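Visitor: Residue numbers (my numbering): 9 to 206. Don't be surprised by glycine CBs; every beta carbon is placed ideally from N, CA and C. If you're wondering where the values come from, they're calculated on a predicted model, not measured in any experiment. Handing you this structure, nothing more for now.
Right under this line is the structure:
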């Protein structure tokens, strides 16, 4: 991010502590220990995890049944025309399916909520676009990974740690697939978040 964008370091400083809002911890991957709590402030929920690549949604050159053994042509949330989202075109993050551990809907989060994703010194803005397993956290779309300089390959890509996901409560991009609106809103919400203190 260049210019007057919110610095990754400023966002990370704002989420350096954790007031857990989940009733337990999530696994980063199947078979791993559950180590990741979902934390919360008045304005946002956040977690620090890995990034697995979600290539689901509308098939494209990089995301399809041939490139991704776990490919699904649907996403939990749809575009304004009713079609599945495009993982290749739209930066989106994945939230765990609602469970007794944590239900994102009770925290002002829904499809189209705005997220800031921080990796190293990069900040990327995305929307909540899909749900994943109820006990696993840390996944984002092909386009989200690419925007952060993370290998977006659904088989071998992603990164094992160092990704911070911040979802702003009661925010929403309409239509959900409007990438520019997500960036504009994300930039504003991130600035307000950094400038506020709970």
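#1: Residue 147 bridges to which residues according to DSSP?
#2: List the whole-angstrom C-beta distance separating residue 180 from residue 90, where the pair is believed to meet the contact cut-off of C-beta under 8 Å.
#3: Tell me whether residue 38 is buried or exposed, calling it buried when 16 or more other Cβ atoms sit within 10 Å of its Cβ.
#4: Give the list of continuous beta strand (DSSP E) stretches no shorter than 3 residues that lie fully inside the segment 61-107.
#5: When the distance is taken between beta carbons, is residue 84 closer than 8 Å to residue 138?
#6: Taking the alpha carbon of residue 277 as the reference point, which residue from 46, 41, 15, 34 has its own alpha carbon closest?
#7: Under the rule that 16 or more other beta-carbon atoms within 10 Å means buried, what is residue 203, buried or exposed?
#8: Just list the beta strand (DSSP E) runs in the segment 139-190, keeping only unbroken ones of 3 residues or longer that don't cross its boundaries, in chain order.
#9: Per DSSP, what kind of secondary structure is residue 17 in: helix, strand or coil?
#10: Answer with buried or exposed for residue 60, where buried requires no fewer than 16 other C-beta atoms within 10 angstroms of its C-beta.
#11: If we count Cβ pairs, one from each stretch, closer than 8 Å, do we get three or more for the segment 72-82 versus the segment 123-134?
#12: Relative to the C-alpha of residue 127, which residue among 56, 201, 13 is closest?
#13: Is the CB-CB distance between residue 131 and residue 13 below 8 Å?
#14: Does the separation of the CB atoms of residue 136 and residue 118 fall below 8 Å?
#15: Let's test the definition: count the other Cβ atoms within 10 Å of the Cβ of residue 31 and tell me whether it reaches 16, buried, or not, exposed.
#16: Cβ atoms of residue 140 and residue 105: under 8 Å apart, would you say?
#17: By Cβ distance below 8 Å, which residues in the same chain neighbour residue 82 in space, the five residues on each side in sequence not counted?
#18: Taking the beta strand (DSSP E) that residue 112 falls in, what are its first and last residues?
#19: Would you kindly work out how many angstroms separate the C-alpha atoms of residue 153 and residue 170, rounded to a whole number?
#20: Does DSSP put residue 119 in a helix, in a strand, or in coil?
Guide: Working from what's here:
#1: 60
#2: Their Cβ separation, rounded to whole angstroms, is 18 Å, which puts residue 180 and residue 90 out of contact at 8 Å.
#3: exposed
#4: 100-104
#5: yes
#6: Nothing about residue 277 can be reported from this structure: the residues present for the chain run from 9 to 206 only.
#7: exposed
#8: 147-149, 167-176
#9: helix
#10: buried
#11: no
#12: 56
#13: yes
#14: yes
#15: exposed
#16: yes
#17: 64, 65, 92
#18: No beta strand (DSSP E) holds residue 112; DSSP gives it neither H nor E.
#19: 13 Å
#20: coil
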